[in-house]
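Quick note on this note's numbering: the sequence shown kicks off at 47 and runs consecutively.
Positions of the beta carbon are idealized from the N, C-alpha and C atoms, including for glycine.
From a predicted model like this one, the values you see are computed outputs, not experimental measurements.
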Amino acid sequence: MAKPTKQKAALPLFFIILLPALFLISTGCGHRPMTGSARSLYETAEKNYRQQNFSDAIEIYQQIQNEY
């Protein structure tokens with residue numbers, strides 16, 4: 047019985063790992079893209095978080111979660 051070559055062994059790896067990964071990337075991992083207003087709110091929340099305004103950042107994150 048012949049031993050499988052490296053090329054034949056790599057084929058199942060492609061189907062098991064790479065195809066699902068490509069599918070998730072192409073579908074955006076199931077998340078809807080952010081609209082312009084949600085993106086600006088998110089950037090504001092990030093800026094508040096970096097400046098350690100945690101209560102403001104949490105409030106904005108909750109607003110994004112409730113509206114979008």
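Look at the Cβ atom of Asn94, then the Cβ atom of Ala103, and state whether they are nearer than 8 Å.
Contact flag set, yes.
Residues of its chain near Gln109, where Cβ-Cβ distance is below 6 Å and the 5 sequence neighbours each way are ignored
None.
Measuring only the C-alpha atoms, how far is Ile106 from Gly82?
One Cα belongs to Ile106, the other to Gly82, and the distance between them is close to 15 Å.
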